[in-house]
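First up is the structure itself, then whatever we jot down about it.
In UniProt numbering, the protein residues as written are 1 to 509.
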């Protein structure tokens, strides 16, 4: 067995990482492949290549690459942790948890392994087990503020809200709590206080957002640019365009794809989990496959959606194949036998691109009262990116909402009537069985869908709303915006800005 080394700075690894961070994924992947080929015994080259392959939806190659480290894990126990982290990043949570548990067995005091395992358990609907991992981690690092915040969050998920509130308040009283952790604690405490003390909760959220604004400048404007590009491309499309494209595709080549879209916090995860828990519909949850690797703006493959010359059609065929191949790698199954549900709210603003590449696709759109949607999004803690950066200021959040939903309305007006269906959060929570049956009928699917979650199903959830997924379907969050605590948010100016989009979505003040 060859001896392994660990050299993350050996050429061309630094250059490959830089290209990856710049979004030049294909060039970066080529360099990672070269490094792995030339440095067969360099742990860093193996891990980086596997990570890049998996993130590029070449997951089988990624797993084969990682397997080269398995025989060495007994002599180098930390490899279990490293391999688990790559499995997590390439969307293999079950495999990742397996390796984190191995790491805990051979390195019992590994806080990193304990935290990694706890995060996966939490997102898989097992907060009680996650809590045990965090208790163990705290016994090793009792003064870790990060662990204490994680502890508080798990307490809240295991019906220990009062203890969680006290812990958050204690942490927030510390002058040495870092800005990032303070922001996280403010968000999580606000969500606990909001049902009974919305005024205090809003104050905490506004304080958290003010902290994040200081660190957001590198991302400002990037989301708006891509949004305007997407709207411009969609505006070029005349009536009947997508139907004409659909009719040109032989029935044998048409894909059974459902793009589930809608603004953040509109109930997309609720609908997705109800539809896919039986297994009749394959679930692809919040993948960046289309946005990063298919979307014509991101890939530079189509300058206009109206072009249908040979070059454009070759580009479309390439993108279709790339999408299908990547999705089958992710699912580890063919996408031809069942409906595929590709749920990602971030795809809403680029929905015209979805239709240009897959004109035969179905569009399932989740709608929720814009005021409740905006309020819920404002309260949600999200990692900062070019999209979520607009969520931390009320004015930019409203603009982002209007632009995003306008992209859908723009597409809706150009799609064949049988290609889209809007599902309202208010209807879904009031009568889930009826609403789900309506979706099944639209898809020409037999049978009756389950209208409640099965408590025995413990699946990993990527969505930020993972902690809410296993709760019974309810409508307790409907009409929150009416609380007097939020009156200043929904002033006359906000009403004026929202009025046109609300009318188009058939909501009234």
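For glycine and all other residues, C-beta sits at the position ideal for the given N, C-alpha and C.
Since the model is a prediction, treat every value here as computed from it, not as a measurement.
Can you say whether residue i is buried or exposed, counting buried as having 16 or more other CB atoms within 10 angstroms of its CB?
| i | result |
| --- | --- |
| residue 447 | exposed |
| residue 164 | buried |
| residue 495 | exposed |
| residue 482 | exposed |
| residue 85 | buried |
| residue 432 | buried |
| residue 435 | buried |
| residue 491 | exposed |
| residue 350 | buried |
| residue 264 | buried |
| residue 210 | exposed |
| residue 484 | exposed |
Expressed to the nearest angstrom, what Euclidean distance is found between the alpha-carbon atoms of residue i and residue j?
| i | j | result |
| --- | --- | --- |
| residue 107 | residue 96 | 16 Å |
| residue 76 | residue 274 | 43 Å |
| residue 255 | residue 306 | 21 Å |
| residue 100 | residue 134 | 14 Å |
| residue 384 | residue 182 | 15 Å |
| residue 261 | residue 129 | 33 Å |
| residue 177 | residue 141 | 16 Å |
| residue 26 | residue 46 | 17 Å |
| residue 455 | residue 43 | Confidence in residue 455 is poor, its pLDDT being 43 and thus under 50, which makes the residue's placement too unreliable to answer from. |
| residue 376 | residue 200 | 15 Å |
| residue 22 | residue 321 | 25 Å |
| residue 232 | residue 82 | 43 Å |
| residue 443 | residue 2 | 55 Å |
| residue 72 | residue 14 | 25 Å |
| residue 18 | residue 28 | 8 Å |
| residue 125 | residue 24 | 36 Å |
| residue 287 | residue 121 | 20 Å |
| residue 594 | residue 143 | In the structure as shown, the chain begins at 1 and stops at 509. Residue 594 is therefore absent and cannot be evaluated. |
| residue 9 | residue 50 | 17 Å |
| residue 445 | residue 507 | 30 Å |
| residue 188 | residue 311 | 50 Å |
Determine whether the beta carbon atoms of residue i and residue j lie at a separation below 8 Å.
| i | j | result |
| --- | --- | --- |
| residue 207 | residue 186 | yes |
| residue 362 | residue 419 | yes |
| residue 511 | residue 382 | Missing from the structure shown is residue 511; the chain here goes from 1 to 509 and no further. |
| residue 297 | residue 229 | yes |
| residue 194 | residue 379 | yes |
| residue 67 | residue 102 | no |
| residue 198 | residue 154 | no |
| residue 291 | residue 325 | no |
| residue 258 | residue 358 | no |
| residue 158 | residue 131 | yes |
| residue 415 | residue 333 | no |
| residue 514 | residue 285 | Nothing about residue 514 can be reported from this structure: the residues present for the chain run from 1 to 509 only. |
| residue 327 | residue 340 | yes |
| residue 53 | residue 61 | yes |
| residue 149 | residue 171 | yes |
On a Cα-Cα basis, can you pick out the residue from the options that is closest to residue i?
| i | options | result |
| --- | --- | --- |
| residue 281 | 335, 318, 190 and 329 | 335 |
| residue 408 | 385, 426, 505 and 474 | 505 |
| residue 399 | 417, 414, 411 and 374 | 374 |
| residue 90 | 443, 78, 500 and 330 | 330 |
| residue 371 | 16, 440, 199 and 401 | 401 |
| residue 476 | 509, 449 and 430 | 430 |
| residue 202 | 213, 190 and 212 | 190 |
| residue 20 | 55, 124 and 285 | 55 |
| residue 337 | 369, 279 and 304 | 279 |
| residue 147 | 162, 119 and 160 | 119 |
| residue 303 | 413, 423 and 353 | 353 |
| residue 365 | 480, 65 and 423 | 423 |
| residue 413 | 247, 204, 238 and 394 | 238 |
| residue 503 | 7, 70 and 368 | 368 |
| residue 393 | 439, 51 and 205 | 205 |
| residue 439 | 421, 284, 314 and 425 | 421 |
| residue 38 | 11, 58, 15 and 53 | 11 |
| residue 213 | 309, 396 and 406 | 396 |
| residue 227 | 499, 348 and 360 | 348 |
| residue 58 | 92, 35 and 70 | 92 |
| residue 404 | 501, 317 and 441 | 501 |
| residue 87 | 74, 65 and 105 | 65 |
| residue 175 | 192, 196, 145 and 235 | 145 |
| residue 109 | 277, 98 and 78 | 78 |
Legend entry - alpha helix (DSSP H) segments (min. 4 residues) lying fully within the stretch 235 to 271: 241 to 248
Inset, instruction - Let me know the beta strand (DSSP E) ranges lying completely inside the stretch 329 to 415, each 3 residues or longer, listed in chain order. - result: 339 to 343 and 362 to 367
Inset, instruction - For the stretch 45 to 119, list the alpha helix (DSSP H) runs that are entirely contained and at least 4 residues long, ordered along the chain. - result: 59 to 67, 78 to 89 and 93 to 106
Inset, instruction - Give, in chain order, every unbroken run of the alpha helix (DSSP H) that is at least 4 residues long and sits entirely within the stretch 137 to 172. - result: 145 to 157 and 161 to 172
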